[in-house]
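Undergrad:
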Amino acid sequence: MKLSKWVVPTFFKQNKKISLLILIAFLTLVNLFLWPKKPPNIILILVDTLRADYLGCYGFDGDIYPHIDNFASKSILFESTRVR
71 MKLSKWVVPT FFKQNKKISL LILIAFLTLV NLFLWPKKPP NIILILVDTL RADYLGCYGF
131 DGDIYPHIDN FASKSILFES TRVR
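Per the numbering used here, residue 71 is the first one in the sequence shown, and the count goes up by one each step.
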């Protein structure tokens with residue numbers, strides 16, 4: 071018998087909604103006890119339909135998106151990222 075695959079009890083296969091609720095409850099409890107008292111303030115903005123060369127924070131001269139430029143001026147701005 072190979073143990074290369076995960077063994078899932080039949081209860082969890084048959085009761086997917088209950089399994090999901092158990093998983094959410096478990097992750098919530100883990101989060102309550104293991105997460106720092108004050109979590110870091112992180113806002114990640116992902117936009118796939120916006121060109122970076124139209125944003126003032128990336129060097130565009132126009133004022134098309136002033137709210138994003140204002141937010142970027144007060145934040146950490148990543149100019150180069152990689153996805154694997």
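Glycine included, C-beta positions come from ideal geometry on N, C-alpha and C.
1. Between which two residues does the alpha helix (DSSP H) containing Ala98 stretch?
2. Assuming the contact rule is C-beta atoms closer than 8 angstroms, Asp139 and Gly126 should be a hit. Round their C-beta distance to whole Å, please.
3. For Tyr135, which three-state DSSP category applies?
4. Taking just the CA atoms, how far does Lys86 sit from Phe96?
5. Please tell me whether Tyr124 and Ile115 are closer than 9 angstroms, where the distance is taken between their beta carbons.
6. For Tyr146, tell me which candidate among Ile94, Ile113, Val100 has the shortest Cα-Cα distance.
TA: According to the data block:
1. One detail in the question is off: residue 98 reads as Thr in this sequence, not Ala. First-last of the alpha helix (DSSP H) with Thr98: 86 to 104.
2. 4 angstroms between Cβ atoms; contact.
3. Coil.
4. Distance between the alpha carbons of Phe96 and Lys86 is about 15 angstroms.
5. Cβ atoms of Tyr124 and Ile115: not closer than 9 angstroms.
6. Here residue 146 turns out to be Ile, not Tyr, going by the sequence shown. When C-alpha distances from Ile146 are compared across Ile94, Ile113, Val100, the shortest belongs to Ile113.
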